[in-house]
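The next block holds one structure in the form of structure tokens; read it before the comments.
Residue numbers (the numbering used here), protein chains in the order written: chain A, 1 to 346; chain B, 347 to 681.
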């Protein structure tokens, strides 16, 4: 017990330290390097050596870093909830088909509109971006509604999981058809969206994203007790007084809101939501959501900032899409978890 | 004394589709008192699980009445019910990183605050329950490092800290080895007595139920549920009727199943004690009928004086002295 407590405190200190270090790395590194002192001066409104530094930090790197932090925390906690609800280590926020729904919305706008109506959204700049975001959000919410509808009639969580994955396949199939009949430039624009990015979110949009994600995170923290009980499976949970259908609805809506928001603004970010909970469980060695949930949020923030930092390392110059980095880091984590789990079962 | 669990003309089954209902059993009238340990016995597919799920409030009854402590089950709110009935299921729980303490602590869920914080008295309660099920010193052990039997004991401890007068277990011993099964069933009987709880266990382990259950409920497909104390059920041929299948008969004398076989030959066996019992067992198993009177030959004599050897008398008067039953059986088949 005491040993655990010390480990947990060490874990939280480690994560907090990582977040602070990665924050400065994210802001300081890039095509132009900026010193820590200068960063602090810019952020606290002190004496700034170069006016261009101020502009780089405030206009580009700070919003990008904040976006990465929000996306990381949101997706990781969504992944934790899905893994707990479905009692499946390979579940993530995308299993509900929400990111596919967002993709369908974007495809409709970018591909369909471009093809049939002759409007190229990618050519409209800021307005065009907002249209894409709205389309993605609406697509995601439509799929979420569908899943919630199924959740009301299905008792079995596994069935719900299958429905979510199938909805995702169906959406991908429709997207495939649209891609097939679309001109190259529009398909390219869609592919770029699909690779994800933390750099397209402006301050104006952040004022919208920050409160929504914060609400989602707070709602997640309120689900700590039911999530703890759900580890035992539906029957035991119900026997312990849980209203399974209602709690499942809350969990789906919370994860759905978080995933829909992140996907709408950043594109479908792969692997973060799946890998971070595993990494955190390995570090904290507990099933108690009171410890796990805040730890997963912090680890998600750190991991997203790390990926963003790698993507923008000098040499890549922002040329590396974020999904390439999350995939390359996430895949080995998932593989190691599977191998470790097999060892334990022997 | 108020009856803890009582059903009145209960009809159980499950919903199939929207409108259709599949009825499995009708006219179920059973009761369970505090301090009583009852076993629900029946073959696979008899509907044990459906009945158990109905009694624990997982699925709704189709008709009739189930009441716990005099109040209809359907009138309990979920939160209230969690303080009245606790369950242990067959399922193996493999959660990495979860300790026995973590698992048992979840049993306090109905009593803890919004975030599930454990108070000091909760912790005392949890450790006590862990000791009660015989897992002393296992509190910080990881579930995945324990045997199946130990994991089910932890689940029983979870049910204990839930502080319910009624504990219902759905085949908790199904995948356990024999010693673990015996241990678990003995533990349940002890808990029913010492903690004054009503415990209902569904199983298909006839032997254990016969030896330890206070009450037995017999359930088979297409038959009315019969309940009573084990001895009465034997004397009224309850078991015989329930388990009759071609080639298998329930022997009222031994309280066990017997496989009907064609008997080849009659052999006379002379002797006493445990050697006699197992020699007869071996001969019966290999298809011989045994008798201890008459002058028939061949005859087997158990020599209790010299190392418990077996002496085989052939019809022609010759004798064979053999050390093990295996050798004896071989000798008989040679003749």
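Where is the CB? At the ideal position from N, CA and C, for every residue including glycine. Since the model is a prediction, treat every value here as computed from it, not as a measurement.
Straight through space, the alpha carbons of residue 230(A) and residue 492(B) are spaced by roughly 21 Å.
Non-local C-beta neighbours of residue 373(B) in its own chain, meaning closer than 7 Å and more than five positions away in sequence, comprise 355, 570, ordered along the chain.
A contact between stretches requires three or more CB pairs, one per stretch, nearer than 8 Å, and the segment 282 to 301 of chain A fails this requirement with the segment 253 to 263 of chain A. A straight line joining the alpha-carbon of residue 543(B) with that of residue 240(A) spans about 18 Å. When secondary structure is reduced to three states using DSSP, residue 479(B) falls in the coil class, being assigned neither helix nor strand.
Of the other Cβ atoms in all chains shown, 16 or more fall within 10 Å of the Cβ of residue 516(B); this residue is therefore buried. Looking at the DSSP output, residue 418(B) sits in a beta bridge with 413(B). With contact defined as three or more Cβ pairs closer than 8 Å, the segment 417 to 426 of chain B and the segment 217 to 228 of chain A are not in contact.
Selection 380(B), 439(B), 445(B), 389(B) evaluated against residue 415(B) yields 380(B) as nearest (Cα-Cα). With fewer than 16 other Cβ atoms inside 10 Å of its own Cβ, residue 676(B) counts as exposed. Restricted to the segment 431 to 466 of chain B, the alpha helix (DSSP H) segments that are unbroken, complete and at least 4 residues in length are 446 to 452, listed in chain order. Beta-bridge pairing by DSSP links residue 369(B) to 359(B).
Between the alpha carbons of residue 653(B) and residue 625(B) lies a gap of roughly 15 Å. It is roughly 11 Å from the alpha-carbon of residue 61(A) to the alpha-carbon of residue 203(A).
Two segments are said to touch when three or more pairs of C-beta atoms, one from each, lie closer than 8 Å; by this definition the segment 487 to 501 of chain B does not touch the segment 458 to 468 of chain B.
Beyond the five residues adjoining it in sequence on each side, residue 359(B) comes within less than 6 Å, by CB distance, of 367, 368, 369, 370, 408 in the same chain, given in chain order. Counting only residues of its own chain and dropping the five nearest sequence neighbours on each side, residue 158(A) has a CB closer than 8 Å to the CB of 86.
Contact check for residue 147(A) and residue 164(A): beta-carbon distance about 6 Å, within the 8 Å limit, so the pair qualifies. Exposed is the label assigned to residue 180(A), since fewer than 16 other Cβ atoms lie within 10 Å of its Cβ. A direct Cα-Cα distance of roughly 47 Å separates residue 568(B) from residue 289(A). Look at residue 455(B): its C-beta is under 7 Å from a C-beta on chain A. In the structure shown, the three-state DSSP call for residue 622(B) is helix. Relative to the Cα of residue 311(A), the nearest Cα in the group 324(A), 277(A), 205(A) belongs to 324(A).
For residue 487(B), same chain residues with a beta-carbon under 7 Å away, outside a window of 5 residues either side, are 445, 446 in chain order.
Spatial neighbours of residue 129(A) in its own chain (CB-CB distance under 7 Å, excluding positions within 5 residues in sequence) are listed in chain order as 200.
Taking all protein chains shown into account, residue 455(B) has 16 or more neighbouring C-beta atoms within 10 Å of its C-beta and is therefore buried.
Partner residues in the beta bridge of residue 572(B), as assigned by DSSP, are 564(B). Comparing alpha carbon positions, the residue from 563(B), 434(B), 670(B) closest to residue 235(A) is 434(B).
A distance below 7 Å between beta-carbons, with the five flanking residues on each side excluded, links residue 276(A) to the following residues of its chain, in chain order: 76, 79, 296, 299, 300, 303.
Assignment of beta-bridge partners to residue 185(A) by DSSP yields no partner. Chain order gives no chain A residues near residue 467(B), where near means a beta carbon separation below 7 Å; the closest approach is about 17 Å.
Segment contact: the segment 48 to 57 of chain A against the segment 264 to 282 of chain A, fewer than three CB-CB distances shorter than 8 Å; contact not assigned.
Residue 398(B) holds the alpha-carbon nearest to the alpha-carbon of residue 351(B) among 425(B), 398(B), 613(B), 556(B). Residue environment: residue 248(A) is assigned as buried (16 or more neighbouring CB atoms within 10 Å of its CB, all protein chains considered). Taking a 10 Å sphere around the C-beta of residue 577(B), we find fewer than 16 other C-beta atoms and assign the residue as exposed. 58(A) is the residue among 213(A), 175(A), 58(A) whose C-alpha sits nearest the C-alpha of residue 44(A).
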